[in-house]
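A.B. asks:
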Amino acid sequence: MAKCPICEKAGTVEYRPFCSKRCANIDLGRWLKEGYRVETDETPAEDEGGGTGSGSTSQTG
Numbered sequence: 004m005a006k007c008p009i010c011e012k013a014g015t016v017e018y019r020p021f022c023s024k025r026c027a028n029i030d031l032g033r034w035l036k037e038g039y040r041v042e043t044d045e046t047p048a049e050d051e052g053g054g055t056g057s058g059s060t061s062q063t064g
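Quick note, the working numbering runs 3 ahead of the 1-based positions in the sequence shown.
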């Protein structure tokens, strides 16, 4: 089994790829605090388009 990406201990099947719930939660916290970034070719202005694209979630009624 691969090493845990947080603490580098042996991972477990239950929390794969992490070794424990603690390490899984640490990773989740990093994602939620935007500690990780997914590289893209878009500029920041394109990312903050104001919801005018097909992903708009406006509701009526």
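Ideal Cβ placement from N, Cα and C applies to all residues, glycine included.
(1) C10: buried (16+ other C-beta within 10 angstroms of its C-beta) or exposed?
(2) Under a three-way DSSP split, which group does K6 fall into?
(3) Roughly how far, in whole angstroms, is the beta-carbon of Y18 from the beta-carbon of A27, given that I think they are within contact range, below 8 Å?
(4) Note down the Cα distance separating F21 from G38, rounded to an integer number of angstroms.
C.D. replies: Quick look at the numbers:
(1) Taking the first residue of the sequence shown as 1, we reach residue 10 at position 7. C10 sits exposed, since fewer than 16 C-beta atoms from the chains shown fall within 10 Å of its C-beta.
(2) Walking along the sequence shown from the start, residue 6 turns up at place 3. DSSP places K6 in strand when its eight states are reduced to three.
(3) In the sequence shown, counting from the first residue as 1, residue 18 sits at position 15. In the sequence shown, counting from the first residue as 1, residue 27 sits at position 24. Cβ atoms of Y18 and A27 come within 8 Å of each other, at about 5 Å.
(4) Sequence index remark: in the sequence shown, residue 21 carries index 18 (1-based). Sequence index remark: in the sequence shown, residue 38 carries index 35 (1-based). F21 and G38 have their C-alpha atoms roughly 18 Å apart.
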